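A.B. asks: Heads up, the final residue of the sequence shown is numbered 1078 in this note's numbering, and it's a clean run with no missing numbers. Glycine included, every Cβ here is placed at the ideal spot set by N, Cα and C. These numbers come from a predicted model, not from an experiment.
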Amino acid sequence: MLVDRNVLRRVSRGWRTRLDQRLRLLPYVALATSTLLVVLGRNEPDLTRQPLAVSFAAAVVTAAWLLWFTTLHPQWENRRRTMAGYFIGFIVLTAALVWTNPLYGFFAWTGYLNVLYLHGRWRLAGAASVGIWTAVSQVGGFTAFTDPDQWATLAVFIAINITIGTAMTYLSIVTNDHHARRAEVVAQLEEANDKLATALAENAGLHAQLLVQAREAGVLDERQRLAGEIHDVLAQGLTGIVTQLEAAGQAEQRPVDRRRHLDTAKQLARDSLAEARRSVQALRPRPLDAATLPDALAEVVDGWSARHGVPAQIITTGTAHPLLPEIEATLLRTAQEALANVARHAEAGRVALTLSYMEDLVTLDVRDDGTGFDPQVPREVAYEGGYGLRAMRERVHRIAGTLEIESEPGAGTAISACVPAIHLGAAA
C-alpha cells in the first residue's frame, strides 16, 4: 500500500514533538521524585542533609529556573549565551540541591538532557560538570570533600561519571549531526524529486501542446496536399476527359479515332477515380478505424504481399497499447509508403517489418533485400502522387520522431521510424 510522503513527514514530526514534550517534563518529574525521597528519608541517619525547608527552597528555585528558561520561553533554545547562562545556573542549583541532600542525585542526572541546550564542544564540558555532581551524590554528599578517607572513592566516582557522561554525550552529538546531515540530504533529494516531477509534468504538457499544434499543422498540410492533388491530378484528368470526349464528338465519321478517344477518356476517368479514392483515404487510414495498429499493419502487409507476389511478414515486440491517433496514423503511412517504394524500385525478394513497443518510444523498421540505393544521392519524389522519402521524414518529424534510412546499392534498404510512445488520452 502506498503512503503519501507528506503524511509520513507529518507523522514523524508529530512523534518527535510528543517525544520532545515528554523529555521536557522529565526534569520536573525527577525533581518531584527526589523531593519525595528526601521527605521519606528525613530520619535516615546515614544521610548528610540540611533542614527540609532549605531543600524545599532549593527545589522551588530550581523548578522556577526550569520553568522560566525552558517551558515558558522555548524560543530561547537557539540563543547561545542565554542557554549557556541557563545551564550554569542549572549546575549551581543542582550543586545546591545535592548539598541539601544527596538524594537529589536522582535529579542531577537530568543535567545530561540540559546539555543539549549547549553548542559544540561546550556540551562535553557540560556533561563533565553534570558527572561531578552526580558522583558527589553517589558517595553521600558534600561530606566526601571534608573526609580524606573518601577522596579516593570520590575521585573514582567522578572519573567514572565524567567518562561515561562525556562518552555518551559525544556519541549523541555525532548521532545528531549524522541525522541532521541525513535529514538535509533527504530534504535536498525530495526537493530535487519535486522539481523533477514538476519538470516532467511541464514536459508532458508541452509535448501534448506540441502534438495539438502538430495536429493543426497536419490538417493544413492535408488541405494543401488535397489542393495540389486536385489541381495537378484530378483537374487535369477531368480536363483530359473533356478534351477526349470533344475529340470523339468531332470524329463521328472516323470510327477508329472515335473509339480511341473514348477509350482514352475511360482510362482517364478510371485513373482520376483511383486518385480521388487514394486522396480521401489519405485523410484517415481506413485500417485503423476498427483495428489496433499491429492488426492494421498486418492487414496492410498481407494485402501488399498478395498484390505484388513478394513474401512479407510483420513482427510485433513489447506490449502493444493504444497511441495517439496522429502517431498511429504516421506509423501506418510510413509502412505504406515504404512498401510502395519497395514495390516500385527495390525488386526485392522478401520484406520484413518490425513494430517495437518500448517504455517511451515506438519504432517501426522496414527492411528489404532489394537493389538498394545510395542515400547520399538526392532523390526526387519516388512516384506520382506519392510522398517520397523526404516527405516521409517530414511527416515523422512533425510528431517529434526521427526517420533513419540505411541502404547501399545491391544490399537492400532499411527504414527505421522512431516516435514517442504517448498513450491515448495523454493530451486530454
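I965 bridges to which residues according to DSSP?
C.D. replies: If you number the sequence shown from 1, residue 965 lands on position 315. Answer is T1004.
A.B. asks: Under the DSSP definition of a beta bridge, which residues are partnered with V1012?
C.D. replies: Locating residue 1012 in the sequence shown gives position 362, where the first residue counts as 1. Y1007 and V1069.
A.B. asks: Which residues share a DSSP beta bridge with A1064?
C.D. replies: Taking the first residue of the sequence shown as 1, we reach residue 1064 at position 414. In DSSP, A1064 forms a bridge with R1017 and E1056.
A.B. asks: Between F807 and Q788, is the Cβ-Cβ spacing less than 8 Å?
C.D. replies: What you label residue 807 is simply residue 157 of the sequence shown in a count that begins at 1. What you label residue 788 is simply residue 138 of the sequence shown in a count that begins at 1. For F807 and Q788, yes; Cβs fall inside 8 Å.
A.B. asks: Under three-state DSSP, which class holds L923?
C.D. replies: The residue given as residue 923 occupies position 273 in the sequence shown. Note: L923 maps to helix in three-state DSSP.
A.B. asks: Report the three-state DSSP secondary structure of L856 (helix, strand or coil).
C.D. replies: Here residue 856 corresponds to residue number 206 of the sequence shown, with the count starting at 1. The answer is helix: DSSP assigns L856 an H, G or I state.
A.B. asks: Can you look up L821 in the DSSP assignment and give me helix, strand or coil?
C.D. replies: Stepping through the sequence shown from its first residue, residue 821 is reached at position 171. Of the three classes helix, strand and coil, the one that applies to L821 here is helix, per DSSP.
A.B. asks: For the alpha helix (DSSP H) that contains D945, what are its first and last residues?
C.D. replies: Here residue 945 is taken as the residue at index 295 of the sequence shown, counted from 1. Run containing D945: L943 to H958, per the alpha helix (DSSP H) assignment.
A.B. asks: In the DSSP assignment, the alpha helix (DSSP H) including N728 goes from what residue to what residue?
C.D. replies: Counted from its first residue, the sequence shown places residue 728 at position 78. Segment: none, N728 is in no alpha helix (DSSP H) and carries neither H nor E.
A.B. asks: Does the pairing of the stretch 988-996 with the stretch 964-973 give three or more beta-carbon distances under 8 Å?
C.D. replies: As far as the Cβ criterion goes, the stretch 988-996 does not touch the stretch 964-973, which means the pair count is below three.
A.B. asks: Distance, Cα to Cα, G821 vs V786?
C.D. replies: Mapped onto the sequence shown, residue 821 falls at position 171. Mapped onto the sequence shown, residue 786 falls at position 136. Per the sequence shown, the amino acid found at residue 821 is Leu instead of Gly. Cα-Cα distance, rounded: 24 Å.
A.B. asks: Count the other CB atoms within 10 Å of the CB of V677; is the residue buried (16 or more) or exposed (fewer)?
C.D. replies: The count along the sequence shown starts at 1 and reaches residue 677 at position 27. In the sequence under discussion, the amino acid at residue 677 is Pro, which differs from the Val named in the question. Classification of P677: buried, given that the 10 Å Cβ count is 16 or more.
A.B. asks: Can you give me the C-alpha to C-alpha distance between G953 and G899, rounded to a whole angstrom?
C.D. replies: Taking the first residue of the sequence shown as 1, we reach residue 953 at position 303. Taking the first residue of the sequence shown as 1, we reach residue 899 at position 249. C-alpha separation (whole angstroms): 41 Å.
A.B. asks: Exposed or buried, which one is A915 when buried takes at least 16 other CB atoms within 10 Å?
C.D. replies: What you label residue 915 is simply residue 265 of the sequence shown in a count that begins at 1. Answer is buried; the Cβ neighbour count reaches 16.
A.B. asks: Name the two residues that bound the continuous alpha helix (DSSP H) containing W715.
C.D. replies: Stepping through the sequence shown from its first residue, residue 715 is reached at position 65. Here the alpha helix (DSSP H) through W715 covers L702 to L716.
A.B. asks: Please report how far the alpha carbon of A1041 lies from the alpha carbon of A851, in whole angstroms.
C.D. replies: Within the sequence shown, numbered from 1, the residue matching residue 1041 stands at position 391. Within the sequence shown, numbered from 1, the residue matching residue 851 stands at position 201. Between A1041 and A851, the C-alpha separation is close to 32 Å.
A.B. asks: What residue range is occupied by the uninterrupted alpha helix (DSSP H) comprising Q788?
C.D. replies: The sequence position of residue 788 within the sequence shown is 138, counting from 1. Run containing Q788: W772 to Q788, per the alpha helix (DSSP H) assignment.
A.B. asks: When you compare each of Q903, E902, P944 and L888 to Q917 by their alpha carbons, which one comes out closest?
C.D. replies: Here the question's residue 917 lines up with position 267 in the sequence shown. The residue with the shortest Cα to Cα distance from Q917 is L888.
A.B. asks: Give every residue of the same chain whose Cβ lies closer than 8 Å to the Cβ of L743, excluding the five residues on either side of it in the sequence, and list them in chain order.
C.D. replies: By 1-based counting over the sequence shown, the position of residue 743 is 93. Result list for L743: A708, V711, T712 and W715, in chain order.
A.B. asks: Tell me whether L973 sits in a helix, a strand or coil according to DSSP, three-state version.
C.D. replies: Stepping through the sequence shown from its first residue, residue 973 is reached at position 323. Here L973 sits in strand by DSSP.
A.B. asks: Do L768 and F737 come within 8 Å of each other at the CB atom, strictly closer than that value?
C.D. replies: What you label residue 737 is simply residue 87 of the sequence shown in a count that begins at 1. What you label residue 768 is simply residue 118 of the sequence shown in a count that begins at 1. Going by C-beta atoms, F737 is nearer than 8 Å to L768.
A.B. asks: So, for A745: in the same chain, excluding its five sequence neighbours on each side, which residues have a beta-carbon less than 6 Å away from its beta-carbon?
C.D. replies: By 1-based counting over the sequence shown, the position of residue 745 is 95. Once the five neighbours on either side are set aside, the close Cβ partners of A745 are W783.
A.B. asks: On a CA-only basis, which of E987, A998, Q1026 and G999 is nearest L1014? Give me that one, please.
C.D. replies: The residue you call residue 1014 lines up with position 364 of the sequence shown. Considering only alpha carbons, the answer is E987.
A.B. asks: What span of residues does the alpha helix (DSSP H) with T796 cover, start to end?
C.D. replies: Position 146 of the sequence shown, counted from the start, is the residue given in the question as residue 796. Where T796 is concerned, the enclosing alpha helix (DSSP H) stretches over T793 to T796.
A.B. asks: Looking only at its own chain, which residues have a Cβ that is under 8 Å from the Cβ of S779, when we skip the five neighbours before and after it?
C.D. replies: Start at 1 with the first residue of the sequence shown, and residue 779 comes out as number 129. Within the same chain, S779 has close Cβ partners I741 and G761.
A.B. asks: Could you say if the stretch 1054-1066 and the stretch 1002-1020 meet the contact criterion of at least three C-beta pairs nearer than 8 Å?
C.D. replies: Enough Cβ pairs lie closer than 8 Å, so yes.
A.B. asks: Mind checking which residues open and close the alpha helix (DSSP H) that includes G755?
C.D. replies: In the sequence shown, the residue the question calls residue 755 occupies position 105. First-last of the alpha helix (DSSP H) with G755: G755 to A758.
A.B. asks: Cα separation between P972 and R1000?
C.D. replies: Along the sequence shown, read from residue 1 onward, the residue named residue 972 stands at position 322. Along the sequence shown, read from residue 1 onward, the residue named residue 1000 stands at position 350. Roughly 29 Å between the two C-alpha positions.
A.B. asks: Taking G1055 and I977 to be in contact with their CB atoms under 8 Å, please state how far apart those CB atoms are, rounded to whole angstroms.
C.D. replies: Your numbering for residue 1055 matches position 405 in the sequence shown. Your numbering for residue 977 matches position 327 in the sequence shown. Before going further, note that residue 1055 is Ile rather than Gly in the sequence given. Wrong, their Cβ atoms sit about 20 Å apart, outside the cutoff.
A.B. asks: Pick helix, strand or coil for I1049, following the three-state DSSP scheme.
C.D. replies: Reading the sequence shown from its first residue, position 399 is the one you call residue 1049. I1049 falls in the coil class under three-state DSSP.
A.B. asks: Thinking C-beta only, is N811 closer than 8 Å to G781?
C.D. replies: Here residue 781 corresponds to residue number 131 of the sequence shown, with the count starting at 1. Here residue 811 corresponds to residue number 161 of the sequence shown, with the count starting at 1. Result yes, Cβ atoms of G781 and N811 sit closer than 8 Å.
A.B. asks: Would you report the Cα separation of D913 and Q903, rounded to the nearest angstrom?
C.D. replies: Mapped onto the sequence shown, residue 913 falls at position 263. Mapped onto the sequence shown, residue 903 falls at position 253. One C-alpha to the other measures close to 17 Å.
A.B. asks: How far does the alpha helix (DSSP H) with L766 in it reach, from first residue to last?
C.D. replies: Here residue 766 refers to the residue found at position 116 of the sequence shown. Per DSSP, L766 belongs to no alpha helix (DSSP H) and is neither H nor E.
A.B. asks: Quick one: what does DSSP say A998 is sitting in, helix, strand or coil?
C.D. replies: The count along the sequence shown starts at 1 and reaches residue 998 at position 348. Three-state result, A998: coil.
A.B. asks: Verify whether the separation of the beta carbon atoms of I983 and R1045 is less than 8 Å.
C.D. replies: Counted from its first residue, the sequence shown places residue 983 at position 333. Counted from its first residue, the sequence shown places residue 1045 at position 395. Ile is not the amino acid found at residue 983; the sequence shown has Arg there. Yes, they are a contact pair.
A.B. asks: Taking the C-alpha atoms as reference points, what is the distance between A946 and L1074?
C.D. replies: By one-based count along the sequence shown, residue 946 stands at place 296. By one-based count along the sequence shown, residue 1074 stands at place 424. Rounded to whole angstroms, A946 to L1074 spans 17 Å at the Cα level.
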